[in-house]
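A.B. asks:
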Amino acid sequence: MTAPRFVYGPVASRRLGFSLGVDIIPFKTCTLDCVYCQLGSTGRSTVRRRSWCPPEAILAQIKEAIDSGQRIDVITFSGSGEPTLSRDLGFLIRSIKKMTGIPVAVLTNGTLLGRRDVRRDLAAADVVGPSLDAVPAALFRRVNRPHASLDNRKVIDGLVRFRDEFAGEIRLEIMLVKGVNDSPAAIEAVKKALVRIRPDRIELNTVVRPPADRRAGALSAAGLARIRARLGPKAEVVASFAKRKQAPASGDLDRAILVTVGRRPQTAADIAAALGRHRDEVLKALSRLLARGRIRRRDHGGKTYFAGVRR
Ligand code: SF4
């Protein structure tokens, strides 16, 4: 049996540069079930923190990736579910900081920041990227479909408290779904909450990858630009990394593609950029993997994405 992989990439991240992903939560274990989730519907909805994976094995894989000499701009906790659901998160971040000077980022949905133990665990990170997509309770339920115990007012209070305590950079992401949380009233409510939360940056994103709910649509570039203007100078539309190149990934290309699309659906161009391979070479490998039923193809927003097949 193959040992579980907790580390993937480095992949060209739209938000952070060449990011070594660290995935410490079983597939789709989350406090939310967002309509736009690129991982599909939440299989395990929970707010209970646990030790899901052995921390020593995770740290060994991170060290191995650093020692391989590939370019890594940031080590990012993200992946198959909500990373703050891991009780080991604080220990892992502190251990990485002892191992390397590479910055550590955590992408979180922010729903557990009301808890002191979660805020304490995140304290050693350099960057935390929480999300806040909607403020009114009904809209929060519609977009993020939260665990029954979550109250959006408390989630926002947790974000405010985290800002008061956290010395690093907070890059708050707003995921905009066309016709759902992009109205002037919805944006005004988020803007008011942002005055209290005081993030360093506000990153606007939209449904560019195939979502859990097929009805969740993307905003146009013009729609995003209008909202960016309303949210002020800290707001930016997350840039595309399509043209950036990584040093060629070593090893077997089919295996590297399976690992990368197993984490999230990607276009052939995304995969080529992330793995530093020529697009034609990637397309050939994708055809092989499709023919063997190892990956599936899905069209969304006029682009073709490739995703892993769960066995
Ligand atoms: S988008 Fe993130 S927070 Fe939302 S359901 Fe998916 S993994 Fe959870």
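Just so you know, we're using numbering that gives the first Met the number 0 here: the sequence shown kicks off at 0 and counts up by one. Built from N, CA and C at the ideal position, the CB exists for glycine as well.
Residues with a Cβ closer than 5 Å to any heavy atom of the ligand FAD, in chain order?
C.D. replies: Among the ligands modelled here, namely the ligand SF4, the ligand FAD does not occur.
A.B. asks: Using the Cα positions of Ser40 and Lys27, report the straight-line distance between them to the nearest angstrom.
C.D. replies: 7 Å
A.B. asks: How should Ser383 be labelled, buried or exposed, when 16 other C-beta atoms within 10 angstroms of its C-beta is the threshold for buried?
C.D. replies: Past the edges of the chain, shown from 0 to 310, lies residue 383, and the structure says nothing about it.
A.B. asks: Short of 7 Å in beta carbon distance, which residues of its chain neighbour Val207, apart from the five on each side in sequence? Order them along the chain.
C.D. replies: Ala217 and Gly300
A.B. asks: Could you have a look at Glu81 and say whether DSSP puts it in helix, strand or coil?
C.D. replies: DSSP places Glu81 in coil when its eight states are reduced to three.
A.B. asks: Starting from Asn204, trace the beta strand (DSSP E) in both directions and tell me its first and last residue.
C.D. replies: Arg200 to Thr205
A.B. asks: Sort out for me which residues DSSP pairs Arg43 with in a bridge.
C.D. replies: Thr28
A.B. asks: If you draw a straight line from the C-alpha of Val142 to the C-alpha of Arg293, how long is it?
C.D. replies: 31 Å
A.B. asks: Give the DSSP bridge partners of His299, in chain order.
C.D. replies: Lys302
A.B. asks: Taking C-beta to C-beta, are Ile350 and Leu203 nearer than 8 Å?
C.D. replies: Beyond the ends of the chain as shown, which are 0 and 310, falls residue 350; an answer cannot be given.
A.B. asks: Grab the span of the beta strand (DSSP E) containing Val219 for me, first residue to last.
C.D. replies: Here the sequence assigns Ser to residue 219, which means Val is not the residue at that position. Per DSSP, Ser219 lies in no beta strand (DSSP E) segment and is marked neither H nor E.
A.B. asks: Give the single residue among Leu257, Gln265, Val236 and Lys191 whose Cα lies nearest to the Cα of Pro209.
C.D. replies: Gln265
A.B. asks: Grouping DSSP H, G and I as helix and E and B as strand, with all else coil, what is Ile95?
C.D. replies: helix
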